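Asker: In my numbering, the protein residues as written are 1121 to 1516.
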Amino acid sequence: MRLGIYGGTFNPPHIGHINASAAAARQLRLDVLIIIPTGIPPHKGLPTGSPTNENRMEMARCAFSGLAFAQVSDLELKKEGISYTSETLDELLKEYPGAEAFLIVGSDMYLSLETWKNAQHLLACATPCVLSRGEGADKELPAIKTYAEKIHRQFNAQTIVIDNVVTDISSTELRQALPQRRGSEYLNEMTYAYIIKNRLYGARADFSWLRERAFETMKPKRIQHTLGCEAEAARLAQRWGADADEAHEAAILHDITKHLELDEQLQLCRKYDIMTDTIELSEVKLLHAKTGAAVARDLYGASKSVHDAIFWHTTGKANMTLLEKIIYIADYIEPTREFDGLDALRSLAYRDLDQAIVKGLEMSIEDMKARGIVSHRRTDEALAWLLHTEPTAQRG
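Here it is as structure tokens:
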């Protein structure tokens, strides 16, 4: 058996690691490639704010799940103290007796092999394989060739150079990009979704990725409404000094569960321990705000302010934040809407936001009354708060 061993912090594992694994497996004709996330690296510690070992293990599983020949091992993550490759190799060779082992490393790590613990034993048990861009592309290739000759003389180790198209981003750069809603193109779908869901690295979801996820279950009319709401929310945020970034996110996600029927909405209410009232149970469109907010927080790492803006975008409430006001009225006046008085309401929203919301609430209450529907108590409370009056009798 030809056994490949590829270790690293994988913090996070990106497409460069995946491509390197594929190149190594192909060129070395590997039967199995063991991916080993490092526990405590011997050369340098993990950066502050790094995910837990469990998180890194799960990210690695996500990243390499598409490679049939790859297996992710928690051998080093389970170990207490510093992880030494020579000890890991011994453990693996016990699991795969008689295997021909190939140790796969990047060029930076390769050039320090002689300093590794038990280097003599390590290089006697495994063939060193260094990942390279190849002739004309890798500035370190001359140094690699010189070093290969050195360790051949010193350890009788024959180095294999793996031609590999290296991704022009490092894990360090990726960690810096993720909080800026960048870097999704360097991660496979499963890994990126896991990072966003678990809010690793302070990551915030890329808007294009969010739109794709949000639009998957929407009909074309709902997609156009959502895009219109996003554009309106961004304009209102700029006008009134709100966080435009959060306005974009809340608007993209505000209707992500609106396609669900009542029984499906109630399933989500049970899953997320969402309290409901009698009016919401009779008006399914009211529930989508609550369930959408919960899904936005759970799957897309939405902040509390974004969660709350989605949560209250149908009924409003007393003491609304600026973002909550913007999402409420953006949903009401976005460009695909058509109803009497809309133009005046749009103009008002850019002159007096509170008065625009008062008008929107009043119009909603009148519309529900005309359809024989009792307005929600939160809507009454929102209107009373903005008008500085006492709300009508509590309902629902």
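Cβ coordinates follow ideal geometry from the N, Cα and C atoms, glycine included. All values reported here derive from a predicted model rather than from experimental measurement.
Please state if the CB of Phe1222 and the CB of Gly1124 are separated by a distance shorter than 7 Å.
Answerer: One-based indexing of the sequence shown puts residue 1124 at position 4. One-based indexing of the sequence shown puts residue 1222 at position 102. The Cβ-Cβ distance between Gly1124 and Phe1222 falls below 7 Å.
Asker: What residue range does the alpha helix (DSSP H) around Asp1397 cover?
Answerer: By 1-based counting over the sequence shown, the position of residue 1397 is 277. No alpha helix (DSSP H) contains Asp1397, which DSSP labels as neither H nor E.
Asker: Could you pull out every residue in the same chain whose Cβ sits closer than 7 Å to the Cβ of Thr1499, ignoring the five residues on either side in sequence?
Answerer: To locate residue 1499, count along the sequence shown from 1; it is residue 379. Only Thr1435, Gly1436, Leu1481, Ser1484 and Ile1485 meet the Cβ criterion.
Asker: Taking DSSP as the reference, what is the three-state secondary structure of Thr1247?
Answerer: For the purposes of this step, residue 1247 is identified with residue 127 of the sequence shown, where counting begins at 1. In the three-state reduction of the DSSP assignment, Thr1247 falls in the strand class.
Asker: With DSSP collapsed to three states, give me the class of Gly1256.
Answerer: Reading the sequence shown from its first residue, position 136 is the one you call residue 1256. Here Gly1256 scores only 49 on pLDDT, less than 50, and its place in the model is too uncertain to base an answer on.
Asker: Can you name, in chain order, every residue of its own chain whose Cβ lies under 8 Å from the Cβ of Leu1150, other than the five neighbours on each side?
Answerer: Residue mapping note: residue 1150 aligns to position 30 of the sequence shown, counting from 1. Hits under 8 Å: Arg1122, Leu1123, Gly1124, Ala1144, Phe1189 and Phe1222.
Asker: Taking all protein chains shown into account, decide if Arg1273 is buried (16 or more other Cβ within 10 angstroms of its Cβ) or exposed.
Answerer: Working through the sequence shown from its first residue, we reach residue 1273 at position 153. Exposed.
Asker: Where DSSP assigns a beta bridge to Pro1157, which residues make up the other side?
Answerer: Taking the sequence shown and counting its residues from 1, the one referred to as residue 1157 is at position 37. Answer is Gly1128, bridged to Pro1157.
Asker: Count the other CB atoms within 10 Å of the CB of Ala1140; is the residue buried (16 or more) or exposed (fewer)?
Answerer: Here residue 1140 refers to the residue found at position 20 of the sequence shown. Buried, because 16 or more other Cβ atoms sit within 10 Å of the Cβ of Ala1140.
Asker: Asp1283 bridges to which residues according to DSSP?
Answerer: Counted from its first residue, the sequence shown places residue 1283 at position 163. According to DSSP, Asp1283 bridges with Ser1252.
Asker: Any chance the CB of His1345 is under 6 Å from a heavy atom of the ligand COA?
Answerer: This structure simply doesn't include the ligand COA, nor any ligand for that matter.
Asker: So, is Arg1546 buried or exposed, given that buried needs 16 or more other C-beta atoms within 10 angstroms?
Answerer: Because residue 1546 is not part of the residues shown, which for the chain are 1121 to 1516, the question remains open.
Asker: With H, G and I counted as helix, E and B as strand and the rest as coil, what does DSSP make of Ala1221?
Answerer: To locate residue 1221, count along the sequence shown from 1; it is residue 101. The answer is strand: DSSP assigns Ala1221 an E or B state.
Asker: Could you pull the DSSP bridge partners for Ile1447 from this structure?
Answerer: By one-based count along the sequence shown, residue 1447 stands at place 327. Partner(s): none; Ile1447 has no beta bridge.
Asker: Using DSSP's beta-bridge definition, name the partner residues of Ala1190.
Answerer: Taking the first residue of the sequence shown as 1, we reach residue 1190 at position 70. Answer is Leu1153.
Asker: Considering only residues of the same chain and omitting the five flanking positions on each side of Tyr1312, which have a CB-CB separation below 6 Å?
Answerer: The sequence position of residue 1312 within the sequence shown is 192, counting from 1. Here the set comprises Ser1304.
Asker: How many angstroms separate the CA atom of Ile1202 from the CA atom of Pro1162?
Answerer: Stepping through the sequence shown from its first residue, residue 1202 is reached at position 82. Stepping through the sequence shown from its first residue, residue 1162 is reached at position 42. So the alpha carbons of these two residues sit roughly 6 Å apart.
Asker: Would the segment 1333-1344 count as touching the segment 1375-1394 if we require 3 or more Cβ pairs under 8 Å?
Answerer: yes
Asker: Output the distance between the C-alpha atoms of Ala1422 and Thr1411, rounded to the nearest integer angstrom.
Answerer: The residue labelled residue 1422 in the question sits at position 302 within the sequence shown. The residue labelled residue 1411 in the question sits at position 291 within the sequence shown. Each residue's alpha carbon lies about 13 Å from the other.
Asker: Closest to His1241 by CA distance: which of Pro1171, Gln1300, Leu1251 and Leu1213 is it?
Answerer: Against the sequence shown, residue 1241 aligns to sequence position 121. The residue with the shortest Cα to Cα distance from His1241 is Leu1213.
Asker: In chain order, which continuous runs of the alpha helix (DSSP H) of length 4 or greater are located wholly inside the segment 1470-1507?
Answerer: Segments of the alpha helix (DSSP H) lying fully in the segment 1470-1507: 1473-1490 and 1497-1507.
Asker: Identify whether Ile1376 lies in helix, strand or coil by the three-state DSSP scheme.
Answerer: The residue given as residue 1376 occupies position 256 in the sequence shown. Coil, per DSSP.
Asker: Pull up the CB-CB distance for Asn1308 and Gly1186, whole angstroms please, since I reckon it's below 8 Å.
Answerer: Within the sequence shown, numbered from 1, the residue matching residue 1308 stands at position 188. Within the sequence shown, numbered from 1, the residue matching residue 1186 stands at position 66. That belief holds up - the Cβ atoms of Asn1308 and Gly1186 are roughly 7 Å apart, short of 8 Å.
Asker: Please confirm if the segment 1460-1469 is in contact with the segment 1397-1405, defined as three or more CB-CB distances below 8 Å between the two stretches.
Answerer: The segment 1460-1469 vs the segment 1397-1405: no contact.
Asker: Which same chain residues, not among the five before or five after Ala1370, have their C-beta less than 6 Å away from its C-beta?
Answerer: The sequence position of residue 1370 within the sequence shown is 250, counting from 1. Correct list, in chain order: Val1426, Ala1429, Ile1430 and Ile1447.
Asker: Which whole-angstrom value is the C-beta distance of Phe1327 and His1374, which I expect to be below 8 Å?
Answerer: As a working mapping, residue 1327 is identified with position 207 in the sequence shown. As a working mapping, residue 1374 is identified with position 254 in the sequence shown. Actually they do not touch by this definition, with Cβ atoms about 14 Å apart.
Asker: Return helix, strand or coil for Ile1202, following the three-state DSSP convention.
Answerer: Within the sequence shown, residue 1202 is the residue found at index 82, counting from 1. In this structure, Ile1202 counts as strand in the three-state DSSP scheme.
Asker: Using only the alpha-carbon positions, how far apart do Ala1504 and Leu1442 sit?
Answerer: The sequence position of residue 1504 within the sequence shown is 384, counting from 1. The sequence position of residue 1442 within the sequence shown is 322, counting from 1. Rounded to whole angstroms, Ala1504 to Leu1442 spans 17 Å at the Cα level.
Asker: Just how far apart, CA to CA, sit Arg1181 and Val1192?
Answerer: Residue numbering aside, residue 1181 sits at position 61 when the sequence shown is read from its first letter. Residue numbering aside, residue 1192 sits at position 72 when the sequence shown is read from its first letter. Roughly 6 Å between the two C-alpha positions.
Asker: For Cys1349 and Ala1450, I'd like the C-alpha separation in whole angstroms.
Answerer: Counted from its first residue, the sequence shown places residue 1349 at position 229. Counted from its first residue, the sequence shown places residue 1450 at position 330. Distance between the alpha carbons of Cys1349 and Ala1450 is about 5 Å.
Asker: Assign Arg1471 to one of two classes, buried (16 or more other C-beta atoms within 10 Å of its C-beta) or exposed (fewer than that).
Answerer: In the sequence shown, counting from the first residue as 1, residue 1471 sits at position 351. Counting Cβ neighbours within 10 Å, Arg1471 comes out exposed, since fewer than 16 surround it.
Asker: Helix, strand or coil for Arg1098 per DSSP?
Answerer: This structure leaves residue 1098 out entirely; the chain is present only between 1121 and 1516.
Asker: May I ask which residues mark the beginning and end of the alpha helix (DSSP H) holding Ala1414?
Answerer: Translated into the one-based positions of the sequence shown, residue 1414 becomes position 294. Note, Ala1414: alpha helix (DSSP H), Val1404 to Tyr1420.
Asker: When you compare each of Lys1341, Gly1127, Asn1318 and Tyr1230 to Arg1417 by their alpha carbons, which one comes out closest?
Answerer: On the sequence shown, position 297 is the one that residue 1417 refers to. When each option's Cα is compared against that of Arg1417, the closest is Asn1318.
Asker: The alpha helix (DSSP H) spanning Gly1136 covers which residue range?
Answerer: For the purposes of this step, residue 1136 is taken as residue 16 along the sequence shown, with counting starting at 1. Judged by DSSP secondary structure, Gly1136 falls within the alpha helix (DSSP H) whose first and last residues are Ile1135 to Leu1148.
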